[in-house]
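Residue numbers (full-length UniProt numbering): 1 to 239.
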């Protein structure tokens, strides 16, 4: 287990380093300009043209992504491109949490029978359900921190468990902030043609946030649960 933690730390350091170098190269050689700053400005103007509705539309996009199993990364990056960093983080945090909560409620009430049926076909569903029965809210905290189980699937499956709605909302919100912030800061820095030092500062902040959230499992007392999730991660790598 200690060896696995060392490997994970190395991978994290390598990932952050690669992202930092890539961002610097893109800025230094002006590669971002090939994406077309004019097009980016047009996109920003188009979004801002919706006025006060723009943030609501963006939040709605997040909710739709969570409900319909769409990837959240492009939505987070879009926020960094069209809004200022702080508002983008607030909108994305609110949207992703509301989306996760909407899927949770659908899984608990509107489509419970359908989601229950997934247990027979999907090992992920069984493991999450068993994990919550054994470890309660700590399973939610762990699976949100370690990207082993599909995020959108988790939202529905947790609706089947005994986790309360307020607790689900709070834990999901807290654990999703670091990743969302990281993507938005990097997208925002590149889109606005910030100086290399500014970009590196944003990347450093993003890296620290990712590292902090990845350390959560270390502070959990349920070692068996951590080991189960690590085994699941290793199994996924071999598939």
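Just so you know, even glycine gets a beta-carbon here, dropped at the ideal spot from N, CA and C.
Legend entry - Alpha carbon of residue 111 to alpha carbon of residue 41, nearest angstrom: Here residue 111 corresponds to residue number 111 of the chain shown, with the count starting at 1. Here residue 41 corresponds to residue number 41 of the chain shown, with the count starting at 1. Residue 111 and residue 41: Cα-Cα distance of roughly 41 Å.
Inset, instruction - Check whether the region 166-183 touches the region 138-150, taking contact to mean three or more Cβ pairs, one atom from each stretch, closer than 8 Å. - result: yes
Inset, instruction - Identify, in the order they occur along the chain, each residue of the same chain with its Cβ nearer than 6 Å to the Cβ of residue 200, setting aside the five sequence neighbours on each side. - result: As a working mapping, residue 200 is identified with position 200 in the chain shown. None.
Inset, instruction - Identify whether residue 62 lies in helix, strand or coil by the three-state DSSP scheme. - result: Position 62 of the chain shown holds residue 62. It is helical.
Legend entry - Exposure of residue 57, with buried meaning 16 or more beta-carbon neighbours within 10 Å: Working through the chain shown from its first residue, we reach residue 57 at position 57. By the neighbour-count rule (16 or more Cβ atoms within 10 Å), residue 57 is not buried but exposed.
Legend entry - Any non-hydrogen atom of the ligand SAH within 7 Å of residue 145 CB: Of ligands this structure carries none, so the ligand SAH is not represented either.
Legend entry - Cβ pair residue 77, residue 187 closer than 8 Å: Counting from one through the chain shown, the residue named residue 77 turns up at place 77. Counting from one through the chain shown, the residue named residue 187 turns up at place 187. Against a cut-off of 8 Å, the Cβ pair of residue 187 and residue 77 comes out as a contact.
Legend entry - residue 93, buried or exposed, once every other Cβ within 10 Å from all chains shown has been counted against 16: Here residue 93 refers to the residue found at position 93 when the chain shown is read from its first residue. Label assigned to residue 93: buried.
Legend entry - Any alpha helix (DSSP H) of 4 or more consecutive residues that is wholly inside the UniProt domain "VTT" (70-186): 73-82, 85-105, 112-121, 123-135, 137-145, 151-157
Legend entry - Spatial neighbours of residue 98 in its chain, beta-carbon cut-off 6 Å, leaving aside the 5 residues before and after: Locating residue 98 in the chain shown gives position 98, counting from the first residue. The residues are 63.
Legend entry - Separation of residue 116 from residue 82, as counted between CA atoms: Here residue 82 refers to the residue found at position 82 when the chain shown is read from its first residue. Here residue 116 refers to the residue found at position 116 when the chain shown is read from its first residue. Answer to the nearest angstrom: the Cα atoms are 39 Å apart.
Legend entry - residue 192 versus residue 179 - alpha carbon distance: Here residue 192 corresponds to residue number 192 of the chain shown, with the count starting at 1. Here residue 179 corresponds to residue number 179 of the chain shown, with the count starting at 1. Going from the Cα of residue 192 to the Cα of residue 179 covers about 20 Å.
Inset, instruction - Classify residue 50 as buried or exposed, calling it buried when 16 or more other Cβ atoms lie within 10 Å of its own Cβ. - result: What you label residue 50 is simply residue 50 of the chain shown in a count that begins at 1. The residue is exposed, with fewer than 16 neighbouring Cβ atoms inside 10 Å.
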